[in-house]
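Asks: All residue numbers for the sequence shown refer to the numbering used here, where the first residue is 122 and numbers rise by one.
Built from N, CA and C at the ideal position, the CB exists for glycine as well.
Below is one structure. I have some questions about it.
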Amino acid sequence: MKRIERIGLMTSGGDAPGMNAAIRAVVRTAMFNNLEVFGIYRGYEGLIDGQIEQLFSHSVSNIIQRGGTILKTARSERFMTKEGRQKAYMNLLEHKIDAMVTIGGNGTFTGAKIFDEEYDFPVVGLPGTIDNDLYGTDATIGYDTAINTVVEACDKIRDTANAHDRLFFVEVMGRDAGFIALRSGIAAGAEFILVPETTTYIDNLARLVKHDWRRNKTSGIVIVAEGDDAGGAYEVARKVKEKIPEMDTRVTVLGHIQRGGAPSAYDRVLASTLGYAAVSGMLSGQRGVMAGIIDKAVVFTPFEKAIKHHKDINLQMLEMSRILAL
Ligand code: F6P
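Okay, here's the thing in structure tokens:
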């Protein structure tokens, strides 16, 4: 195996709070091991366009607490084409980069896997996404911060919902996964949590809402994951209102505020640990894998598995949330 002397580093896909802490950890660990580090801007897009710049220890000063990513990020259609990947490879050769650390989610690792197969190029991944939908880690970088953002917003919504006796439908991110919805819903004491992993029956939902109101409730929160099969929060609210026209309903779509803000202490520690592990792992021969933490231990999971073996949502917790909100 070729000795690794220069590594590339990028963030790709949707940004997540804690990406900067991961960048800092990768750069500083690499420098400690006498590696040169090259920042690749805007993910695979920047790799194709040659937006590459050397990073030093001071380049990552004062960023551990910042949301977003100093390396910028993008979703790249071009990297999904052979021509795009060839251009990307040529740019890596030009900068004499021997290996790469990519921080991102499903799309990022799918790209990295194809790239390694085509060009025999070592890549180690870090799970950076608020969605927590990767197998091989208990939590992804950004998930904890996003949940805290949702909970803070729901606490505020609850005040006004209570004051006006209203039922709020709050939409949270998660196109394919309900992790954000489930965990933030439990923490916010939501009356109902709708996730893409289970079928939503509007009749049933409306019946339960009526039942709650008959018993004692005068206000409530329904958390709707954006990828729920019944639709987003506006759609679900419309359908419920059809069944209970007398209900005073409102909708809040939290959107991209879930992606921004200073990372929580948990995300900073997770990102730092995984950034350190990615470089150390790479130097001892890890490649084509994502670094994660399972039961407090660092684990390397092949990209294939991290992407395809979707982590299952805990349905018991979904049931529990309903009981606790009765
Ligand atoms: O994958 C992270 C994520 O925030 C999803 O939860 C969401 O569906 C998507 O990105 C939004 O992407 P964009 O910022 O490109 O609209």
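(1) Once the 5 residues before and after residue 136 are set aside, which same chain residues still bring their CB inside 7 Å of it?
(2) Roughly how many whole angstroms lie between the Cα atoms of residue 377 and residue 276?
(3) Is the number of C-beta pairs between the stretch 300-314 and the stretch 329-346 that are closer than 8 Å three or more?
(4) To the nearest whole angstrom, what separates the beta carbons of residue 267 and residue 224, a pair I think is in contact under 8 Å?
(5) Using the C-alpha atoms, what's the distance from residue 357 back to residue 252?
(6) Please classify residue 303: does DSSP put it in a helix, a strand, or coil?
(7) What I want to know is whether the C-beta of residue 295 ends up closer than 6 Å to one or more non-hydrogen atoms of ligand 1.
(8) On the DSSP bridge assignment, give the partners of residue 413 in chain order.
(9) Would you mind listing the beta strand (DSSP E) stretches within the stretch 360-416 that are 3+ residues and don't spill past its ends, in chain order?
(10) For residue 295 and chain C, any beta-carbon pair shorter than 7 Å?
(11) Out of 143, 227, 447, 171, which one is the CA nearest neighbour of residue 449?
(12) CB-CB under 6 Å to residue 221, same chain, minus the five flanking residues each way: which ones, in chain order?
(13) Would DSSP call residue 288 helix, strand or coil?
(14) Any contact between the stretch 276-295 and the stretch 345-355? By contact I mean 3 or more CB pairs, one from each, below 8 Å.
(15) Is the beta carbon of residue 419 sitting closer than 7 Å to the one on residue 398?
(16) Please work out which residues of its chain come closer than 6 Å, Cβ to Cβ, to residue 209, disregarding the five sequence neighbours upstream and downstream, and give them in chain order.
(17) Per DSSP, what are the beta-bridge partners of residue 131 in this structure?
(18) Using a threshold of 6 Å, is the CB atom of residue 306 nearer than that to any non-hydrogen atom of ligand 1?
(19) With DSSP run on the structure shown, which of helix, strand or coil describes residue 176?
(20) Given a cut-off of 7 Å, decide if residue 242 and residue 428 are closer than it, judged by their beta-carbon atoms.
(21) Name the two residues that bound the continuous alpha helix (DSSP H) containing residue 153.
(22) State buried or exposed for residue 257, treating a residue as buried only when at least 16 other CB atoms are found within 10 Å of its CB.
(23) Alpha carbon to alpha carbon, how far is residue 410 from residue 361?
(24) Would residue 299 and residue 272 qualify as a contact pair, given that the criterion is a beta-carbon distance under 7 Å?
(25) For residue 126, which residues of its own chain have a beta-carbon under 7 Å away from its beta-carbon, when the five flanking residues on both sides are left out?
(26) Quick one: what does DSSP say residue 228 is sitting in, helix, strand or coil?
(27) Taking 6 Å as the cut-off, is the CB of residue 250 close to at least one heavy atom of ligand 1?
(28) State the CB to CB distance for the pair residue 249 and residue 394, rounded to an integer number of angstroms; the pair is presumed to be in contact (CB under 8 Å).
(29) Starting from residue 444 and walking both ways along the beta strand (DSSP E), at which residues does that stretch end?
(30) Given 6 Å as the limit, tell me if residue 135 has its C-beta closer than that to any heavy atom belonging to ligand 1.
(31) For residue 355, count neighbouring C-beta atoms within 10 Å of its own C-beta (all shown protein chains included) and say buried if the count is 16 or more, exposed if not.
(32) So residue 370 packs on residue 288, CB below 8 Å; how close in whole Å?
(33) Which residues does DSSP pair with residue 317 in a beta bridge?
(34) What does the alpha-carbon distance come out to for the pair residue 174 and residue 159?
(35) Given a cut-off of 7 Å, decide if residue 424 and residue 203 are closer than it, judged by their beta-carbon atoms.
Replies: To lay it out plainly:
(1) Here residue 136 is taken as the residue at index 15 of the sequence shown, counted from 1. Cβ within range, chain order: 189, 190, 194, 380.
(2) Against the sequence shown, residue 377 aligns to sequence position 256. Against the sequence shown, residue 276 aligns to sequence position 155. Whole-angstrom Cα-Cα distance: 18 Å.
(3) yes
(4) Your numbering for residue 267 matches position 146 in the sequence shown. Your numbering for residue 224 matches position 103 in the sequence shown. With 8 Å as the limit, residue 267 and residue 224 do not qualify as a contact, their Cβ atoms being about 16 Å apart.
(5) Within the sequence shown, numbered from 1, the residue matching residue 252 stands at position 131. Within the sequence shown, numbered from 1, the residue matching residue 357 stands at position 236. The C-alpha of residue 357 is placed about 21 Å away from the C-alpha of residue 252.
(6) As a working mapping, residue 303 is identified with position 182 in the sequence shown. In the structure shown, residue 303 sits in a helix (DSSP, three-state: H, G or I).
(7) Counting from one through the sequence shown, the residue named residue 295 turns up at place 174. Yes; taking the cut-off as 6 Å, the Cβ of residue 295 has a heavy atom of ligand 1 nearer than that.
(8) Working through the sequence shown from its first residue, we reach residue 413 at position 292. Answer by DSSP bridge pairing, in chain order: 420.
(9) 370-374, 410-415
(10) Here chain C cannot be found, since the structure has a single protein chain.
(11) Residue 449 is absent from the structure shown; the chain starts at 122 and stops at 447.
(12) For the purposes of this step, residue 221 is taken as the residue at position 100 of the sequence shown. Contacts found: 129, 244.
(13) Residue mapping note: residue 288 aligns to position 167 of the sequence shown, counting from 1. Strand.
(14) yes
(15) Within the sequence shown, numbered from 1, the residue matching residue 419 stands at position 298. Within the sequence shown, numbered from 1, the residue matching residue 398 stands at position 277. Less than 7 Å separates the beta-carbon of residue 419 from that of residue 398.
(16) Within the sequence shown, numbered from 1, the residue matching residue 209 stands at position 88. Excluding positions up to five away in sequence, the list reads 168, 169.
(17) Mapped onto the sequence shown, residue 131 falls at position 10. As a beta-bridge residue in DSSP terms, residue 131 pairs with 161, 223.
(18) Locating residue 306 in the sequence shown gives position 185, where the first residue counts as 1. For ligand 1, not one heavy atom lies less than 6 Å from the Cβ of residue 306.
(19) Counted from its first residue, the sequence shown places residue 176 at position 55. Correct three-state label for residue 176: strand.
(20) Translated into the one-based positions of the sequence shown, residue 428 becomes position 307. Translated into the one-based positions of the sequence shown, residue 242 becomes position 121. No, these two residues do not count as a Cβ contact at 7 Å.
(21) Looking up residue 153 in the sequence shown gives position 32. Counting along the chain, the alpha helix (DSSP H) containing residue 153 begins and ends at 140-153.
(22) If you number the sequence shown from 1, residue 257 lands on position 136. Per the 10 Å Cβ criterion, buried.
(23) Here residue 410 is taken as the residue at index 289 of the sequence shown, counted from 1. Here residue 361 is taken as the residue at index 240 of the sequence shown, counted from 1. Looking at the two C-alpha atoms, the distance is approximately 44 Å.
(24) The residue labelled residue 299 in the question sits at position 178 within the sequence shown. The residue labelled residue 272 in the question sits at position 151 within the sequence shown. Taking 7 Å as the Cβ cut-off, residue 299 and residue 272 do not qualify as a contacting pair.
(25) Here residue 126 refers to the residue found at position 5 when the sequence shown is read from its first residue. Closer than 7 Å at Cβ, skipping near neighbours: 156, 157, 219.
(26) Sequence index remark: in the sequence shown, residue 228 carries index 107 (1-based). Residue 228 falls in the helix class under three-state DSSP.
(27) Taking the sequence shown and counting its residues from 1, the one referred to as residue 250 is at position 129. Flag set: Cβ of residue 250 near ligand 1.
(28) The residue you call residue 249 lines up with position 128 of the sequence shown. The residue you call residue 394 lines up with position 273 of the sequence shown. Contact flag wrong, Cβ pair sits at about 13 Å.
(29) Counted from its first residue, the sequence shown places residue 444 at position 323. Taken as a continuous stretch (DSSP letters only), residue 444 belongs to no beta strand (DSSP E), being part of the alpha helix (DSSP H) at 436-445.
(30) The residue given as residue 135 occupies position 14 in the sequence shown. Yes; taking the cut-off as 6 Å, the Cβ of residue 135 has a heavy atom of ligand 1 nearer than that.
(31) Taking the sequence shown and counting its residues from 1, the one referred to as residue 355 is at position 234. Taking all protein chains shown into account, residue 355 has fewer than 16 neighbouring C-beta atoms within 10 Å of its C-beta and is therefore exposed.
(32) Indexing the sequence shown from 1 puts residue 370 at position 249. Indexing the sequence shown from 1 puts residue 288 at position 167. Yes, they are in contact, since the Cβ atoms of residue 370 and residue 288 sit about 5 Å apart, within 8 Å.
(33) Along the sequence shown, one-based indexing puts residue 317 at 196. Answer is none; residue 317 lacks a bridge partner.
(34) Translated into positions along the sequence shown, residue 174 becomes position 53. Translated into positions along the sequence shown, residue 159 becomes position 38. Near 5 Å, if we compare the C-alpha coordinates of residue 159 and residue 174.
(35) Here the question's residue 203 lines up with position 82 in the sequence shown. Here the question's residue 424 lines up with position 303 in the sequence shown. No, these two residues do not count as a Cβ contact at 7 Å.
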